[in-house]
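Mapping of the sequence shown onto the numbering used here: residues 828 to 1436, in sequence order. All C-beta atoms in this analysis are idealised placements derived from N, C-alpha and C, irrespective of residue type, glycine included. Here is the structure we will look at, set down as structure tokens.
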Amino acid sequence: MTAHDTIAVVDNGGQFAHLIATKVRDHVRVKTVIVDPHADVSDLEGVKGIILSGGPDSIHEEDAIQLNPEILDLNVPVLGLCYGMHEIVMGYKGKVGRSEFKEYGFASLHFKDDPIFKGVPQGDRVWMSHGDKTTLLPEGFRTIGATENCPIAAFTDEKRKRWGFQFHPEVEDTIHGDEMLRNFVVDICGARQDWTAEKNLEEILSDIKKEARGRKVLCLVSGGVDSTVVASLLSRALPQDRCRFIHVDTGLMRKDESTKVMEALGKQGLLDLKVIDASERYLNALSGKVDPEEKRKIIGRLFIDIINEEAGEAVSSEWVLAQGTLYPDTIESGGTRNADVIKTHHNRVDIIMRMIDEGRVIEPVKELYKAEVREVGRRLGLPKELVQRHPFPGPGLGIRALCQDKDVMRKDLRESAEVSPRVERGIREDAWGCKNARGSVLPVRSVGVKGDARSYEHPVALWVEGAVQWKELKLFSTRLVNRVQGINRCVLVMAPRSIGTPIPVERHITKERMDLLRKADSMVMEGLRNHGLYDSIWQCPTVLVPVGFSGGEMVVIRPVWSERAMTAEVSELPEAFFDDIVPRLLGVGGVDAVAVDVTSKPPGTIEWE
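Structure (structure tokens):
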């Protein structure tokens, strides 16, 4: 196996470290590894350079992440980003103070001549997200970049080979961030650009053989992109008699999902596929459960129960589990030491974690994002209809049907009433909103992400007069959520068109409710294809929300575009789509409202639970 030059990315918490790592791999073609800020320097032996990531905390907090000071003693180039920049400043005895105003969003960067800015135009747009700033540079450092609100936006010490940015070059919102990272990794660190998709595939196949160690492999196949690619990788890497493929019909699948899975995988030669109808077990286990975290954990534990049963007479040391875990799954489940738990993924419940510690789990694509998994699928020769399929969560429709009991309803009604005056004031004070929008807080909660931490707050229903101006609506939604505490997403109500009072209804996971959601989801997917929208949208969850206006429920359509699922933008849908789909959804028994989620990620997660 060819040794690759490697850049170490120090994970200071949140999601930035993994964005940096994948950006360097995808756009600079250099291998990256994620390391902990407390890592021993022996773990960094041989790396060509180090990037210290941003993070959700202030460096002044009592429990702030502390960088191992020996990392800064290494004789390799180091680039600190945001929180990482502050670690460099403090490590060399400079000073970091609190900003008078927290700065989020775009800024214009003006810089001095430096190799890290080669090919970057003056006044380049960069993206800020910070509440602290450098107030005194350490001895030997000099300022090389500034913005209107940040006089020390970039610095360097050429002798020590240290650089720092207050902004985030790893996000798409920094226009020439790729060039800055390439300049650091290739020109300054001298790393070879030999991390290609072909090499990635070769090494994944090699790792599967090493991790299996002659044991039998049991692979759960949902039929989505991730598990299909993993199944194909296993069949390529291992003898056929050592692989078993199982598809579990949880009763939380899309319409005709299990049948389509069998047909699709059969065409790929995966004939040893067993379909287990576990729908009754799942529905019984989820009966009466309303907490989203509890629902996710129940779904994950049942997967393991079924695996244990299907392993039959095999003793634990003779088989391992293979699953299609992606980077976002581990990040949002708090999979790194410093990551805040946003939501627990079904393949990251406690039993799975114990199996990982025991060396009994193979996760071939665990360091990849969705776009990278699709590329691996293309390299394997999988057909477009499989590779380009919209992502579907492992817990299925179980997390797309929000649930409430009477206790939760009382709490949500009380909380939404407390939040409502702040929302009304926020709408009135917004120059665009007061002319075009009216809003009402929904007495239900959804999961969101603010500052890389989980939020569990209320959505706001919006009614807009006249034609929808998508750009203005999305900006308004972002401003409203940032301004008002207690809310984390906005939905535009398409029906009813007149403003009403949202009424919560008690709802649980039942077969009848899953059938209702399956029907609504199928209608939305069909509508996207009929209007030529399916391929231009990355994912479009259909969510069933136990709030209506005349005793029924609301169907929320969530169209988004994303490359790595760490951030997501709302995909705009044409009026013709809604003219077609809204009357059809209202015709489904039990549905009395239809809305479209107009919230980016952050602050709203892609899924509602």
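Cβ pair residue i, residue j closer than 8 Å
| i | j | result |
| --- | --- | --- |
| V1214 | S1243 | no |
| L799 | D1076 | This structure gives no information on residue 799, because the portion of the chain shown stretches from 828 to 1436. |
| M1341 | G1078 | yes |
| P864 | N895 | yes |
| N839 | S869 | no |
| G1253 | P1430 | no |
| Q1095 | S1059 | yes |
| T849 | Y1196 | yes |
| P965 | V923 | no |
| S926 | D884 | no |
| W1022 | V857 | yes |
| L1045 | L1148 | yes |
| R1206 | A934 | no |
| A981 | F992 | yes |
| M1236 | P1331 | yes |
| C1317 | L1307 | yes |
| V1370 | D1232 | no |
| L1240 | P1373 | no |
| V1056 | L1300 | no |
Nearest to residue i (by Cα), restricted to the options the options
| i | options | result |
| --- | --- | --- |
| P904 | G882, E889 and G876 | G876 |
| S1349 | R1108, T1337, E1333 and I1384 | I1384 |
| G1223 | L1153, H887, V1374 and I1336 | I1336 |
| N976 | S1247, G932 and D1099 | G932 |
| L1047 | I1103, F994 and Q1020 | I1103 |
| W1388 | V1056, I1433 and L1355 | I1433 |
| S1247 | G1004, D900, D1021 and V1287 | V1287 |
| R1227 | P1401, R1345 and E1333 | R1345 |
| H1074 | Q1150, D1184, R989 and E1025 | Q1150 |
| H845 | L871, D867 and G882 | G882 |
| R1128 | E1145, V1117, R1108 and W1146 | R1108 |
| W1365 | A1392, L1343 and Q893 | A1392 |
| L1400 | E1030, T983, E1194 and L1355 | L1355 |
| K988 | L1300, I892, L906 and E1256 | L906 |
| S956 | M912, A1091, G1041 and R1241 | M912 |
| I1125 | L1289, A1403 and G1221 | G1221 |
| D1438 | D984, T1394, E1402 and A1198 | Absent from the structure is residue 1438, since the part of the chain shown begins at 828 and ends at 1436. |
| E1090 | R1069, C1070 and S1049 | S1049 |
Rounded C-alpha distance that separates residue i from residue j
| i | j | result |
| --- | --- | --- |
| A1141 | I1134 | Bear in mind that a pLDDT of 48 at A1141, under 50, signals an unreliable position, so the number given afterwards is only what the model happens to contain. About 11 Å. |
| K986 | T970 | 14 Å |
| A1112 | P996 | 45 Å |
| V1250 | G1266 | 8 Å |
| H937 | T974 | 6 Å |
| Y910 | G1093 | 49 Å |
| G950 | I943 | 15 Å |
| T1001 | V947 | 11 Å |
| I1408 | P1368 | 15 Å |
| V1425 | K1298 | 10 Å |
| G921 | S1427 | 36 Å |
| V1012 | V1423 | 42 Å |
| C1261 | D1234 | With a pLDDT of 49 at C1261, under the threshold of 50, the modelled position of that residue is not reliable, and the figure given next carries that caveat. Taking the straight line from one Cα to the other gives about 35 Å. |
| P1270 | H1285 | 7 Å |
| M1182 | V862 | 22 Å |
| L1412 | M1381 | 10 Å |
| V1295 | W954 | 28 Å |
| G1162 | I1131 | Caution applies to G1162, whose pLDDT of 49 falls short of 50 and renders its modelled position unreliable; the value that the coordinates give is listed next. Going from the Cα of G1162 to the Cα of I1131 covers about 19 Å. |
| D832 | R1272 | 46 Å |
| I878 | E889 | 24 Å |
| I1015 | E897 | 21 Å |
| F1072 | N1263 | 53 Å |
| P1386 | K945 | 38 Å |
| A1018 | K1193 | 24 Å |
| V1200 | E1185 | 26 Å |
| K1026 | P1191 | 14 Å |
| S1304 | E1136 | 48 Å |
Residue i beta carbon near the ligand SAH (any heavy atom closer than 7 Å)
| i | result |
| --- | --- |
| V1372 | For the structure depicted, the ligand SAH is absent and the ligand set is empty, with no information on it obtainable. |
> Between the stretch 1110-1127 and the stretch 1080-1088, are three or more C-beta pairs nearer than 8 Å?
Replying inline: no
> Where are the alpha helix (DSSP H) runs, 4 residues long or more, that stay fully inside the stretch 861-932, in chain order?
Replying inline: 910-918
> Does the stretch 1309-1329 come close enough to the stretch 1099-1108 that 3 or more CB-CB pairs lie under 8 Å?
Replying inline: no
> How do the stretch 1317-1328 and the stretch 1413-1420 stand: do at least 3 beta-carbon pairs fall below 8 Å, yes or no?
Replying inline: yes
> Quick one: any contact between the stretch 1325-1333 and the stretch 1050-1068, if contact means 3 or more CB pairs under 8 Å?
Replying inline: Judged by Cβ distances under 8 Å, the stretch 1325-1333 makes no contact with the stretch 1050-1068, as fewer than three pairs qualify.
> What are the start and end residues of each continuous alpha helix (DSSP H) run of 4 or more residues lying completely inside the stretch 1170-1220, in chain order?
Replying inline: The qualifying runs are 1177-1184, 1197-1206 and 1211-1214.
> Hey, which unbroken runs of the alpha helix (DSSP H) at 4 residues or more fall wholly within the stretch 1100-1144?
Replying inline: 1106-1113 and 1119-1137
>> Is it the case that the stretch 1028-1035 contacts the stretch 998-1015, given that we only count it when at least three CB pairs across the two stretches are under 8 Å?
In response: no
> Where in the stretch 1270-1354 do unbroken runs of the alpha helix (DSSP H), each at least 4 residues long, occur, reported from the N-terminal end onward?
Replying inline: DSSP runs (the alpha helix (DSSP H)) wholly in the stretch 1270-1354: 1297-1310.
> Which runs of the beta strand (DSSP E) fall wholly inside the stretch 966-999 and span at least 3 residues, in chain order?
Replying inline: Segments of the beta strand (DSSP E) lying fully in the stretch 966-999: 969-973, 981-984 and 989-992.
> What are the uninterrupted segments assigned as beta strand (DSSP E) that are 3 or more residues long and contained completely in the stretch 996-1050, given in chain order?
Replying inline: If one requires a minimum length of 3 residues, the beta strand (DSSP E) runs lying completely within the stretch 996-1050 are 1043-1047, in chain order.
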